[in-house]
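In the UniProt record's numbering, the protein residues as written are 1 to 305.
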């Protein structure tokens, strides 16, 4: 998979200061701190407790609709931290898209400080809160809201790629195909709200516990097993059972008990997500994907797999 794309527009601290002065002058005197760039957005620290988030590509502006317009409605009863916008900015000073001021969440990316078993339970309980029925007009992510049947071809292409690069043996690739198909053969559940991008840069931790879930631009109505599969890849096989047990205890929408259709769907989604990460160029995504692929192959090899 390609490296992170180049920004389509120049964004710097001077532009951020000017936008704040024009539209939110009460914030304009706060110190603008470090800049962080993701695939679609740039973010600048603002004072001790805020950040300014600006799309750096047109696609980022398109998906920011979810964060700006839907996230405040989605998170009404959530008990875990999420960067819900406190201010929304409009185009100006040559900058063409809407932007936002959000709370700065304290924590470290889970890629750097992984969740402990207690943190995995936190994440499972948090996802149970996220997975509420989505309204009829909720956004649908054209790439991530697909059914398992729609994901199957992409998954198989990536499995073949890993075989060709020597990162996955053919017997293990076949095991993963069978596990994926076992999930794909189950009935599609009702779609709920879902985050859909739960890698280790978007889950924050503090002392091993969940400190927040960020980057909601891809969130949409989708199969809740998509989030759970991604979350199981994130926490690894050592903690995935604890995560799913906590999800069930918190009355998550999908039934994920051992041997259930829901559990098979979660594993299928985990396979699809692991092989996606494993074909990235960048670390730590690739390494996380390869580790998950190896763990999932071992799970599928077991008598209960």
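We treat Cβ as the ideally placed atom computed from N, Cα and C, and that holds for glycine. This one's a predicted model, so the numbers in the text were calculated from it and none came from an experiment.
For the alpha helix (DSSP H) that contains residue 72, what are its first and last residues?
-> Here residue 72 is taken as the residue at index 72 of the chain shown, counted from 1. Taken as a continuous stretch (DSSP letters only), the alpha helix (DSSP H) holding residue 72 covers 71-74.
Does the segment 136-154 touch the segment 99-113, meaning 3 or more C-beta pairs lie closer than 8 Å?
-> With a cut-off of 8 Å, the segment 136-154 and the segment 99-113 do not count as touching, because too few Cβ pairs lie within range.
Alpha carbon to alpha carbon, how far is residue 230 from residue 278?
-> Residue mapping note: residue 230 aligns to position 230 of the chain shown, counting from 1. Residue mapping note: residue 278 aligns to position 278 of the chain shown, counting from 1. Between residue 230 and residue 278, the C-alpha separation is close to 13 Å.
Could you please give the first and the last residue of the uninterrupted alpha helix (DSSP H) stretch that includes residue 125?
-> Looking up residue 125 in the chain shown gives position 125. It spans 117-130 - the alpha helix (DSSP H) in which residue 125 sits, taken as one unbroken run.
Please determine, among 47, 56, 69 and 131, the residue with the shortest C-alpha to C-alpha distance to residue 7.
-> Taking the first residue of the chain shown as position 1, residue 7 is located at position 7. Nearest to residue 7 by C-alpha distance, out of 47, 56, 69 and 131, is 56.
Just the C-alpha distance for residue 78 and residue 104, rounded to the nearest angstrom, thanks.
-> Here the question's residue 78 lines up with position 78 in the chain shown. Here the question's residue 104 lines up with position 104 in the chain shown. Rounded to the nearest angstrom, the two C-alpha atoms are 17 Å apart.
Sequence-distant residues of its chain with Cβ nearer than 7 Å to residue 301 (five each side left out) = The sequence position of residue 301 within the chain shown is 301, counting from 1. Only 175 meet the Cβ criterion.
Hey, is the segment 23-43 in contact with the segment 188-198, meaning 3+ C-beta pairs nearer than 8 Å?
-> No contact exists between the segment 23-43 and the segment 188-198.
In angstroms, rounded to a whole number, what distance separates the CA positions of residue 180 and residue 272?
-> Here residue 180 is taken as the residue at index 180 of the chain shown, counted from 1. Here residue 272 is taken as the residue at index 272 of the chain shown, counted from 1. Going from the Cα of residue 180 to the Cα of residue 272 covers about 8 Å.
Would you list the one or two residues that DSSP bridges to residue 222?
-> Numbered from 1 along the chain shown, position 222 holds the residue referred to as residue 222. 192, per the DSSP bridge assignment.
What did DSSP end up calling residue 56 once you bin it into helix, strand or coil?
-> For the purposes of this step, residue 56 is taken as residue 56 along the chain shown, with counting starting at 1. In the structure shown, the three-state DSSP call for residue 56 is coil.
Buried versus exposed call for residue 262 [16 or more other C-beta atoms within 10 Å across all chains shown] | Counting from one through the chain shown, the residue named residue 262 turns up at place 262. By the Cβ-count criterion, residue 262 is buried, with 16 or more other Cβ atoms from all chains shown falling within 10 Å of its own Cβ.
Member of 97, 102, 133 and 94 whose CA lies at the smallest distance from the CA of residue 86 | Here residue 86 refers to the residue found at position 86 when the chain shown is read from its first residue. Nearest of 97, 102, 133 and 94 to residue 86, Cα basis: 102.
Is residue 44 helix, strand or coil by DSSP?
-> Here residue 44 corresponds to residue number 44 of the chain shown, with the count starting at 1. Residue 44 falls in the strand class under three-state DSSP.
Alpha carbon of residue 39 to alpha carbon of residue 254, nearest angstrom = Taking the chain shown and counting its residues from 1, one reaches residue 39 at position 39. Taking the chain shown and counting its residues from 1, one reaches residue 254 at position 254. Rounded to whole angstroms, the gap between the alpha carbons of residue 39 and residue 254 is 30 Å.
Considering only the beta carbon of each residue, do residue 198 and residue 227 sit closer than 7 Å?
-> Taking the first residue of the chain shown as position 1, residue 198 is located at position 198. Taking the first residue of the chain shown as position 1, residue 227 is located at position 227. Yes, they are a contact pair.
If you check the beta carbons only, do residue 81 and residue 200 fall under 7 Å apart?
-> Within the chain shown, the letter at position 81 stands for residue 81. Within the chain shown, the letter at position 200 stands for residue 200. Going by C-beta atoms, residue 81 is not nearer than 7 Å to residue 200.
Within 10 angstroms of the Cβ of residue 20, are there 16 or more other Cβ atoms? Answer buried if so, exposed if not.
-> By 1-based counting over the chain shown, the position of residue 20 is 20. Residue 20 comes out buried.
So, residue 120 versus residue 24, is the Cβ gap smaller than 7 Å?
-> Here residue 120 corresponds to residue number 120 of the chain shown, with the count starting at 1. Here residue 24 corresponds to residue number 24 of the chain shown, with the count starting at 1. The criterion of a C-beta distance shorter than 7 Å is not satisfied by residue 120 and residue 24.
Residues sharing a beta bridge with residue 32, DSSP | Taking the first residue of the chain shown as 1, we reach residue 32 at position 32. Within the DSSP bridge table, the entry for residue 32 names 46 as partners.
Closer than 6 Å: residue 49 CB and nearest the ligand FMN heavy atom = The ligand FMN is absent from the structure shown, which contains no ligands of any kind.
Does DSSP put residue 229 in a helix, a strand or coil?
-> Against the chain shown, residue 229 aligns to sequence position 229. In this structure, DSSP gives residue 229 a helical state, which the three-state scheme calls helix.
Assign residue 19 to one of three DSSP states: helix, strand, or coil.
-> Residue 19 sits at position 19 when you count from the first residue of the chain shown. DSSP places residue 19 in helix when its eight states are reduced to three.
Scan the segment 166-211 and note each continuous alpha helix (DSSP H) run of 4 residues or more that stays entirely inside, going in chain order.
-> With a minimum length of 4 residues, the continuous alpha helix (DSSP H) runs that stay inside the segment 166-211 are 170-184.
Does DSSP put residue 1 in a helix, in a strand, or in coil?
-> By 1-based counting over the chain shown, the position of residue 1 is 1. Low confidence applies to residue 1: its pLDDT is 48, below 50, so where it sits in the model is not reliable, and the reading given next is rough at best. Note: residue 1 maps to coil in three-state DSSP.
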